[in-house]
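*Asks:* So the sequence shown is numbered by the working numbering: it starts at 2 and just counts up by one.
Note that CB positions come from ideal geometry on N, CA and C, so glycine has one too.
This is the structure, below, for whatever I ask next.
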Amino acid sequence: MGYTPMIQQYLHIKSQYQDAILFFRLGDFYEMFFEDALTASAILEIALTARDGGIEKVPMCGIPYHAYEGYVAKLLAHGYKVAICEQVEDPAVAKGIVRREVIRVITPGTVMDEKVLLDKANNYLGALVSEHGSWGLAYIDISTGEFCVTQCGHREVSVLDELIRLKPAELIVPDTLKDDGCVPEILKQVKCYINWRPMLQKSLGQVLEVLETELRVGEDLAAQLYKWPLACQAAYYVLDFLQETQKQKLGHLTELKVYKPKNYMLIDAATRRNLELTENMQTKSVRASLLGVLDETVTAMGARKLKHWLETPLLDKNLIQQRLDAVEELVENALLRESLRKAIKGIYDLERLVGRVAYGSANARDLLALKQSIARLPQIAGLIDWVHSAYLRLLINDLDLLEDLFTLLDNGIADDPPAGVREGNIIKDGFNQEVDRLREAARHGKQWIAELEAKERERTGIRSLKVGFNKVFGYYLEVTKPNLHMVPQDYHRKQTLANAERFITAELKEMENLILGAEEKLNKLEYEIFNELRAQVEKNAGRLQTSANIVAELDVLLSLALVAIANNYCKPELVDSSKLELIEARHPVVEKLSAGRFVANDCHLEPPASILNIITGPNMAGKSTYIRMAALITVMAQIGSFVPARKAVVGIADRIFARVGASDDLSTGRSTFMVEMNEVANILNHATERSLVILDEVGRGTSTFDGISIAWAVSEYLLTRVKARTLFATHYHELTLLQEEFPAARNFSMAVKEEGNKITFLRKVIPGAADRSYGIHVAELAGVPKEVLDRANNLLAALEERKQDVRQTVREVAAAAAQKAGAAGSSHLPGLPEMQHFLGRLCKLDLDGTSPIEAWHLLSSFAREAGELLGKLSGGNHDQDPDS
Ligand code: ADP
2 MGYTPMIQQY LHIKSQYQDA ILFFRLGDFY EMFFEDALTA SAILEIALTA RDGGIEKVPM
62 CGIPYHAYEG YVAKLLAHGY KVAICEQVED PAVAKGIVRR EVIRVITPGT VMDEKVLLDK
122 ANNYLGALVS EHGSWGLAYI DISTGEFCVT QCGHREVSVL DELIRLKPAE LIVPDTLKDD
182 GCVPEILKQV KCYINWRPML QKSLGQVLEV LETELRVGED LAAQLYKWPL ACQAAYYVLD
242 FLQETQKQKL GHLTELKVYK PKNYMLIDAA TRRNLELTEN MQTKSVRASL LGVLDETVTA
302 MGARKLKHWL ETPLLDKNLI QQRLDAVEEL VENALLRESL RKAIKGIYDL ERLVGRVAYG
362 SANARDLLAL KQSIARLPQI AGLIDWVHSA YLRLLINDLD LLEDLFTLLD NGIADDPPAG
422 VREGNIIKDG FNQEVDRLRE AARHGKQWIA ELEAKERERT GIRSLKVGFN KVFGYYLEVT
482 KPNLHMVPQD YHRKQTLANA ERFITAELKE MENLILGAEE KLNKLEYEIF NELRAQVEKN
542 AGRLQTSANI VAELDVLLSL ALVAIANNYC KPELVDSSKL ELIEARHPVV EKLSAGRFVA
602 NDCHLEPPAS ILNIITGPNM AGKSTYIRMA ALITVMAQIG SFVPARKAVV GIADRIFARV
662 GASDDLSTGR STFMVEMNEV ANILNHATER SLVILDEVGR GTSTFDGISI AWAVSEYLLT
722 RVKARTLFAT HYHELTLLQE EFPAARNFSM AVKEEGNKIT FLRKVIPGAA DRSYGIHVAE
782 LAGVPKEVLD RANNLLAALE ERKQDVRQTV REVAAAAAQK AGAAGSSHLP GLPEMQHFLG
842 RLCKLDLDGT SPIEAWHLLS SFAREAGELL GKLSGGNHDQ DPDS
């Protein structure tokens, strides 16, 4: 004896989905058995029961099929995947056990459920491929159809930064990378569901062929992909995984977009967190972040687009200028602004609606929502004659009004359809003759029955005779016991109740068959027609997505205009230099929270004349707020937003670095100081003359002398080597001496008003260094005992006396170091200029525009030159082995 046939079937299916919890459909329930039942009952807090499995009792738990989504969400949140196994034949006609199959597997990256997805954020499934330090990344949001790939050299852009930007819900990684030196470290920091997959066994040609057939890849794109084998592999992993889990073709995956992270302002993971662009560092909420301030969008698509813009500020001055001009026009033209907002406001989430259509989960109400959204597009298009800015004109001109789809849906879908798609009432009268005929038949039958009661009462003389309907017996005529003697011959008894009997007649039965038959046919036919309509919409997914994207961009531009007006922002002036000039500027988020009491400040940096501003002043005086403000304003300007200032001149920054009070990163086992130094190293190694650097304390995590030395050396390096615009807030007053050595360094401090024992922070940035820290004063405010305060004051006075010595030492050491560096720089190293020239050429290589054969020639010439150079550098010793 073995397991029952059903359990055998279960075990067979489960063996193919061992890594997922299997939802096994049994009637109106999804049941889980064995290990799955133990796991799921605990997580879902549902009763664990048992079922006779033949040779043993099998642990079991179950959930009602119609409410499965909430349970799936909970299991996903606990890191499980769920395989949905359905009955795939009608139990009524099945011989033996009903056939069952897994129809899809739900994973964190492939959720379509509205209850799990956030309206205002994307849900990405990514795939990462890495080889010799280069990496390829593909990511998809299957709820909207967005699908992008990129490939980068390891020195160009860090894959970790890109992953932190995207925050994928799930990342596919070939399991060969488990032993890679860096990848597991990176994945640890990404903190998403990692899906290890077997290594791909396909050639680039095979992969490309699949991509091109699945996605209609254009010629230029194919050419790019040809040079990006890792990107192609990553895209393939994604498609392959979708096929395996979704088991259907998704018509809204129309386009594969190729992008280069280098084309956007690079913002590393730490800076992204520190600047609180899209979420607050502490609360993780959007509200107290820059996104929270800028988001006045009225559609979910717009909200997602704004988030995307904020995550990828632009570098191309023309593109930014176009956005700024569009925002300006909307700021200035109130009528245009209001009309556009009115038109956009009622538009539903077209992207996700199209996703549900492609997915087969859209119901008639979704199609109605699509129709209602499309109906608003002409209002937008009608504004074209009022619009002047190039970008707004471009967007509105490109808007596809989708009139054909509108007509189809308007004619086809009823005005108030039910949520279910198999119960009829979803197709409009007049759309399909057969539907109309069946409806008429059913209607006629019902009318006949409605008239039957009066007719029979008259014929039989039974005044209380009633016509009724129930699901088991169908239509009947009901006669109470006292009147039974009056029942005519042609009534056939059907059912006996306590005080009445129910009858049918041949005529009534016939009419019943007609009505029920018509309704059944009607429901089936309506469902078929609905599916055809859905297919029609799916065929137009690409067009819908184009219009959705335009609506999203318009929504973002409108939002930026509204926020600019509400908060009195100005249009920034973009310049080609790396100047940053802010007059009466405010921190966009802190300003919102400080209810009109925010103190505006100026900021001026203009390399090479002025590179580094050192800002000193007591705790809580407003230093961090000030330096972050400069970074946030730069980001805002580069997404095309107006900025909180009276005047702003912004030289486009290629990167922004923000090192702000680090916290221990316990999950990766790095101490505060180590994290801080990692961030500093990252800045010094990657900042360029076009970057903006903000430093909030450097070197505080170690001893004072260590700290000052590091901070000083870092400043020097930024001033003389990197030459990046830098704002440095610090407590090390010694650093204010930098100004004496370097004309490009300036001292500023936070103004403080002292009145007797009371100090007030004026929040004003003024030229010159701070002379005191007021630390003891703060300690007093905080309630530190008087005895301790007195002692601290004593010590401070003593130390102040010796401070001049320390300052003198720093001055001398710095001067000596500078002299030494100068001397080393001028000493003649044979071959150095050639070396610089050689490296310069290497850096400027445009590999994307180089064919394989050209690359080979280049490489061989470089190898030759490198050999010659090596000879020169080693002092003409030509015997040196170039391999060593
Ligand atoms: P610091 O870095 O000097 O310790 P912060 O920048 O953290 O000081 O500022 C402390 C608090 O002061 C902030 O939380 C903010 O509420 C307030 N603040 C800072 N700058 C301003 C300003 N310019 N106007 C008004 N309030 C400010």
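Looking at the structure shown, is Arg438 part of a helix, part of a strand, or coil, going by DSSP?
*Replies:* Within the sequence shown, numbered from 1, the residue matching residue 438 stands at position 437. Arg438 falls in the helix class under three-state DSSP.
*Asks:* Hey, how far is the Cα of Gln537 from the Cα of Gly421?
*Replies:* Here residue 537 refers to the residue found at position 536 when the sequence shown is read from its first residue. Here residue 421 refers to the residue found at position 420 when the sequence shown is read from its first residue. Their Cα atoms are separated by approximately 20 Å.
*Asks:* Do you know offhand how far Phe474's Cα is from Met512's?
*Replies:* Position 473 of the sequence shown, counted from the start, is the residue given in the question as residue 474. Position 511 of the sequence shown, counted from the start, is the residue given in the question as residue 512. Rounded to whole angstroms, Phe474 to Met512 spans 14 Å at the Cα level.
*Asks:* To which residues of the same chain is Pro314 closer than 7 Å at the C-beta, ignoring the five residues directly before and after it?
*Replies:* The count along the sequence shown starts at 1 and reaches residue 314 at position 313. Once the five neighbours on either side are set aside, the close Cβ partners of Pro314 are Tyr265, Met266, Val636, Gln639, Ile640.
*Asks:* For the beta strand (DSSP E) that contains Val699, what are its first and last residues?
*Replies:* Counted from its first residue, the sequence shown places residue 699 at position 698. That residue, Val699, is in no beta strand (DSSP E); it is neither H nor E in DSSP.
*Asks:* Quick one: residues in its chain with C-beta nearer than 7 Å to the C-beta of Asp20, no 5 flanking neighbours on either side, listed in chain order?
*Replies:* In the sequence shown, the residue the question calls residue 20 occupies position 19. Same-chain partners within the cutoff: Lys82.
*Asks:* Spatial neighbours of Lys263 within its chain, please: CB distance less than 7 Å, with the 5 preceding and 5 following residues excluded, ordered by chain position.
*Replies:* Position 262 of the sequence shown, counted from the first residue, corresponds to residue 263. So the list reads Glu157, Val158, once near-sequence residues are dropped.
*Asks:* Evaluate the contact criterion for the stretch 119–138 versus the stretch 234–243: three or more CB pairs, one atom per stretch, below 8 Å.
*Replies:* Verdict: yes, contact present.
*Asks:* Would you mind sorting Leu276 into buried or exposed? The rule is 16 or more other CB atoms within 10 Å of its CB.
*Replies:* As a working note, residue 276 is residue 275 in the sequence shown. So Leu276 ends up on the buried side.
*Asks:* By DSSP, does Ala223 sit in helix, in strand, or in coil?
*Replies:* Taking the first residue of the sequence shown as 1, we reach residue 223 at position 222. Residue state, collapsed to three classes: helix.
*Asks:* Across which residues does DSSP place Phe148 in a beta bridge pair?
*Replies:* Position 147 of the sequence shown holds residue 148. Answer by DSSP bridge pairing, in chain order: Ile141.
*Asks:* Given a cut-off of 8 Å, decide if Leu311 and Leu292 are closer than it, judged by their beta-carbon atoms.
*Replies:* For this step, residue 292 is matched to residue 291 along the sequence shown. For this step, residue 311 is matched to residue 310 along the sequence shown. For Leu292 and Leu311, yes; Cβs fall inside 8 Å.
*Asks:* Going straight from the alpha carbon of Lys285 to that of Thr279, what length do you get?
*Replies:* One-based indexing of the sequence shown puts residue 285 at position 284. One-based indexing of the sequence shown puts residue 279 at position 278. Their backbone Cα atoms lie some 9 Å apart in a straight line.
*Asks:* Starting from Ile414, follow its DSSP beta bridges and name the residues at the other end.
*Replies:* Locating residue 414 in the sequence shown gives position 413, where the first residue counts as 1. Partner(s): Ile428.
*Asks:* Is it buried or exposed, Pro175, if we count other Cβ atoms within 10 angstroms and call 16 or more buried?
*Replies:* One-based indexing of the sequence shown puts residue 175 at position 174. Under this definition Pro175 is a buried residue.
*Asks:* If you draw a straight line from the C-alpha of Arg353 to the C-alpha of Thr300, how long is it?
*Replies:* As a position in the sequence shown, residue 353 is number 352, starting the count at 1. As a position in the sequence shown, residue 300 is number 299, starting the count at 1. So the alpha carbons of these two residues sit roughly 12 Å apart.
*Asks:* Take the Cβ of Arg464 as the centre, count every other Cβ of all protein chains shown within 10 Å, and call the residue buried at 16 or more, exposed below.
*Replies:* Here residue 464 corresponds to residue number 463 of the sequence shown, with the count starting at 1. Under this definition Arg464 is an exposed residue.
*Asks:* Using the rule of at least 16 other Cβ atoms within 10 Å of the residue's Cβ for burial, across every protein chain shown, is Thr705 buried or exposed?
*Replies:* Against the sequence shown, residue 705 aligns to sequence position 704. Exposed, by the Cβ-count rule.
*Asks:* Suppose you measure from the CA of Lys648 to the CA of Arg587; what does that come to, to the nearest Å?
*Replies:* The sequence position of residue 648 within the sequence shown is 647, counting from 1. The sequence position of residue 587 within the sequence shown is 586, counting from 1. The straight-line gap from Cα to Cα measures roughly 11 Å.
*Asks:* Span of the beta strand (DSSP E) holding Gln496?
*Replies:* What you label residue 496 is simply residue 495 of the sequence shown in a count that begins at 1. Start and end: 493–497.
*Asks:* Where Ile173 and Glu163 are concerned, what is the direct C-alpha to C-alpha distance, given to the nearest angstrom?
*Replies:* As a first step, residue 173 is located in the sequence shown; it is residue number 172 there, counting from the start. As a first step, residue 163 is located in the sequence shown; it is residue number 162 there, counting from the start. Roughly 15 Å separates the two Cα atoms.
*Asks:* Give the DSSP-derived three-state secondary structure of Lys450 in the structure shown.
*Replies:* Sequence index remark: in the sequence shown, residue 450 carries index 449 (1-based). It should be pointed out that residue 450 corresponds to Ile in this sequence rather than to Lys. Looking at Ile450 - three-state DSSP - the assignment turns out to be helix.
*Asks:* Quick check on the DSSP output: the alpha helix (DSSP H) that includes Pro185 runs from which residue to which?
*Replies:* The residue labelled residue 185 in the question sits at position 184 within the sequence shown. Looking at the DSSP string, the run of the alpha helix (DSSP H) that includes Pro185 is 184–191.
*Asks:* Taking 8 Å as the threshold (C-beta atoms), are Tyr570 and Val650 in contact?
*Replies:* For the purposes of this step, residue 650 is taken as the residue at position 649 of the sequence shown. For the purposes of this step, residue 570 is taken as the residue at position 569 of the sequence shown. It is not a contact, given that the beta carbons lie outside the stated cut-off.
*Asks:* Less than 8 Å between the CB atoms is what I'm expecting for Tyr477 and Gln496, so what's the real figure, rounded?
*Replies:* For this step, residue 477 is matched to residue 476 along the sequence shown. For this step, residue 496 is matched to residue 495 along the sequence shown. Contact holds; Cβ gap of about 7 Å.
*Asks:* Where does the unbroken beta strand (DSSP E) through Phe25 begin, and where does it stop?
*Replies:* Position 24 of the sequence shown, counting from 1, holds the residue named residue 25. Taken as a continuous stretch (DSSP letters only), the beta strand (DSSP E) holding Phe25 covers 21–27.
*Asks:* Can you tell me whether Ser828 is helix, strand or coil according to DSSP?
*Replies:* For the purposes of this step, residue 828 is identified with residue 827 of the sequence shown, where counting begins at 1. Per-residue confidence for Ser828 stands at a pLDDT of 41, beneath the threshold of 50, marking its modelled position as unreliable; the derived number appears in the next sentence. Of the three classes helix, strand and coil, the one that applies to Ser828 here is coil, per DSSP.
*Asks:* Does DSSP put Trp197 in a helix, a strand or coil?
*Replies:* Against the sequence shown, residue 197 aligns to sequence position 196. In this structure, Trp197 counts as strand in the three-state DSSP scheme.
*Asks:* When you compare each of Leu351, Arg394, Ser362 to Leu900 by their alpha carbons, which one comes out closest?
*Replies:* Nothing can be reported for residue 900, as the shown portion of the chain is limited to 2 through 885.
*Asks:* If you compare alpha carbons, which of Ser595, Gly356, Ala442, Gln373 is closest to Thr408?
*Replies:* The residue given as residue 408 occupies position 407 in the sequence shown. Selected option, being the one with the closest Cα: Gln373.
*Asks:* Is Ala712 a contact residue of the ligand ADP, with contact defined as CB to any heavy atom under 7 Å?
*Replies:* As a position in the sequence shown, residue 712 is number 711, starting the count at 1. Checking the Cβ of Ala712 against the ligand ADP gives no.
*Asks:* Which runs of the beta strand (DSSP E), 3 residues or longer, sit entirely within the stretch 455–535?
*Replies:* As far as the stretch 455–535 is concerned, its whole beta strand (DSSP E) runs of at least 3 residues are 467–471, 475–481, 493–497, 501–505.
*Asks:* Helix, strand or coil, according to DSSP, for Lys15 in the structure here?
*Replies:* To locate residue 15, count along the sequence shown from 1; it is residue 14. Lys15 falls in the helix class under three-state DSSP.
*Asks:* Just to confirm the assignment, what range does the alpha helix (DSSP H) spanning Val117 have?
*Replies:* Taking the first residue of the sequence shown as position 1, residue 117 is located at position 116. It is not in any alpha helix (DSSP H) - Val117 carries neither H nor E in the DSSP assignment.
*Asks:* Which of the three DSSP states is assigned to Met630 in this structure?
*Replies:* Along the sequence shown, read from residue 1 onward, the residue named residue 630 stands at position 629. Helix, per DSSP.
*Asks:* Taking 8 Å as the limit between beta carbons, can you name the residues of its chain near Leu517, skipping five residues before and five after?
*Replies:* On the sequence shown, position 516 is the one that residue 517 refers to. Contacts found: Gly475.
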